[in-house]
Amino acid sequence: RARERVATLTGPGQTSDGHPVMLLANIGNVADAELAGATDVEGVGLFRTEFLHLSASTAPTVEQQAAEYVRILAPFGERPVTVRTLDAGADKPLAFADLGPEPNPALGRRGLRLMREREDLLDDQLAALALAAAETGADVKVMAPMVATTSEAAWFTRRAHDAGLPTAGVMMEVPSSALRAQHILKVTDFASLGTNDLAQYTMAADRMVGELSDLLDPWQPAVLDMVAVACEGGRVAGKPVGVCGESAGDPLMALVLAGLGVASLSMAPQRVPMVRYALSLHTAADCRRMAEAARAADSPDEAREAAHALASGEL
Ligand code: PEP
Ligand code: MG
Numbered sequence: 242r243a244r245e246r247v248a249t250l251t252g253p254g255q256t257s258d259g260h261p262v263m264l265l266a267n268i269g270n271v272a273d274a275e276l277a278g279a280t281d282v283e284g285v286g287l288f289r290t291e292f293l294h295l296s297a298s299t300a301p302t303v304e305q306q307a308a309e310y311v312r313i314l315a316p317f318g319e320r321p322v323t324v325r326t327l328d329a330g331a332d333k334p335l336a337f338a339d340l341g342p343e344p345n346p347a348l349g350r351r352g353l354r355l356m357r358e359r360e361d362l363l364d365d366q367l368a369a370l371a372l373a374a375a376e377t378g379a380d381v382k383v384m385a386p387m388v389a390t391t392s393e394a395a396w397f398t399r400r401a402h403d404a405g406l407p408t409a410g411v412m413m414e415v416p417s418s419a420l421r422a423q424h425i426l427k428v429t430d431f432a433s434l435g436t437n438d439l440a441q442y443t444m445a446a447d448r449m450v451g452e453l454s455d456l457l458d459p460w461q462p463a464v465l466d467m468v469a470v471a472c473e474g475g476r477v478a479g480k481p482v483g484v485c486g487e488s489a490g491d492p493l494m495a496l497v498l499a500g501l502g503v504a505s506l507s508m509a510p511q512r513v514p515m516v517r518y519a520l521s522l523h524t525a526a527d528c529r530r531m532a533e534a535a536r537a538a539d540s541p542d543e544a545r546e547a548a549h550a551l552a553s554g555e556l
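Numbering (UniProt numbering), first residue to last: 242 to 556.
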């Protein structure tokens, strides 16, 4: 019976008492966009643009990028598409945006840091996005990866607005930005929590090292606290804070994130039906209680169990 409801339940994400939580897709190329666009996801919460260029030896031109973006935006019609500017470096090296070897790539010149040294690459990408948005009429939102400070957020937001992209935000995947969310959200339009990197940097555990997976668990209470602080900053600033890390696709975690106050959850599109179903079984107050119980725990397993004990038996 539950399986039937998972398959037949459609429409926007909401708790049983109607509190909205947008359900969005993570995508990385045209094929992903066509698959996700054909489903009833409410839009895209994370388009990892660097995935288009992992095997390229030279930088794409503005025209090449715009043509590819048009094909990626088209399947979503009027649904919002959140495009992350190139997140090059560390675990996602790009040949044409390589600044040379570093002792600690994950702590180095990556993400927006790299784009600030290669403004030409950022400006070309923003120009291509503005062209593609104009051609398709799509609701394009743009966001920067690896933002650590308010001044970085302000710099990126201004540059994106100047390029003709009216909605510009930042990823919060570094503790410093989550802690300063209230301030950062005064200078930018929205934030999206990248829980993969937020776990890596909160726990000081390299996400490429499998042996550290216990530390990288998004149920680590410290990571939940970090999400809570960022959401509180969003509430004070009156700006939306979403989650686009893989944890958003775990139905139990999705309830906890909803309870912490996220406005949207972005995940692999095949996970959306299960998360939509989980939300439909619980009130916003249920979700808040689950979030509180998870944060009161002392380990990831205890946090998971505490949330699970409060979840509906059908989950
Ligand atoms: C994240 O860090 O959680 C994230 C969504 O970005 P990526 O996994 O691409 O680093
Ligand atoms: Mg990341």
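Even for Gly, the Cβ is constructed at its ideal location relative to N, Cα and C.
Neighbourhood of residue i by C-beta distance below 6 Å, restricted to the same chain and skipping five residues each side
i: R374; result: With the sequence shown as reference, residue 374 is identified as Ala, and Arg is not the correct amino acid for it. V381.
i: F431; result: G410, K480, P481
i: residue 564; result: It is not possible to answer for residue 564, since the shown part of the chain is limited to 242 through 556.
i: S553; result: L522
i: T408; result: K382, D430
i: L465; result: A535, R536
i: D328; result: E291, G352, P386
i: A331; result: P346, A347, R351
i: M531; result: L496, V497, G500, A548, L551
Classification of residue i by the beta-carbon crowding that lies within 10 angstroms, buried from 16 upward
i: G259; result: exposed
i: E304; result: exposed
i: A248; result: exposed
i: A526; result: exposed
i: A338; result: buried
i: D438; result: buried
i: L295; result: exposed
i: M467; result: buried
i: D491; result: buried
i: P253; result: exposed
i: V450; result: exposed
i: E245; result: exposed
i: T326; result: buried
i: D455; result: exposed
i: D361; result: exposed
i: A297; result: exposed
i: T377; result: buried
i: A307; result: buried
i: T443; result: buried
Beta-carbon gap between residue i and residue j smaller than 8 Å
i: S505; j: G318; result: no
i: L314; j: A379; result: yes
i: A463; j: A422; result: no
i: P316; j: E275; result: yes
i: S418; j: M384; result: no
i: A537; j: A548; result: no
i: A469; j: L501; result: yes
i: P321; j: G278; result: no
i: P510; j: A266; result: yes
i: V324; j: F288; result: yes
i: L363; j: R399; result: no
i: N420; j: L493; result: The identity of residue 420 in the sequence shown is Leu, whereas the question assumes Asn. Going by C-beta atoms, L420 is not nearer than 8 Å to L493.
i: A394; j: V428; result: yes
i: T436; j: G483; result: no
i: V503; j: V282; result: no
i: L335; j: E309; result: no
Contact set for residue i: own chain, Cβ-Cβ below 7 Å, skip 5 residues either direction
i: L340; result: R350, L355, E358
i: R517; result: L250, G254, L264
i: D447; result: A347, Q441, L453
i: L426; result: A432, G474, G475, A478, K480
i: D539; result: P462
i: A489; result: A495, L498, L506, S507, M508
Beta-carbon contacts of residue i that lie in its chain and below 8 Å, excluding the five residues immediately before and after
i: T256; result: V262, A499, L520, S521, H523, T524, A525, D527, C528
Should the stretch 396–405 be regarded as contacting the stretch 328–348, the criterion being three or more beta carbon pairs within less than 8 Å? Judged by Cβ distances under 8 Å, the stretch 396–405 makes no contact with the stretch 328–348, as fewer than three pairs qualify.
Just checking, does the stretch 359–377 make contact with the stretch 263–283 on the three C-beta pairs under 8 Å criterion? Cβ pair count under 8 Å is below three, so no.
Counting by C-beta, which residues lie closer than 5 Å to a heavy atom of the ligand MG, in chain order? This selection yields E414, G435, D438.
Would you check if there are 3 or more beta carbon pairs closer than 8 Å linking the stretch 386–393 to the stretch 353–362? Remark: three or more beta-carbon pairs, one from each stretch, lie closer than 8 Å, so the stretch 386–393 and the stretch 353–362 are flagged as touching.
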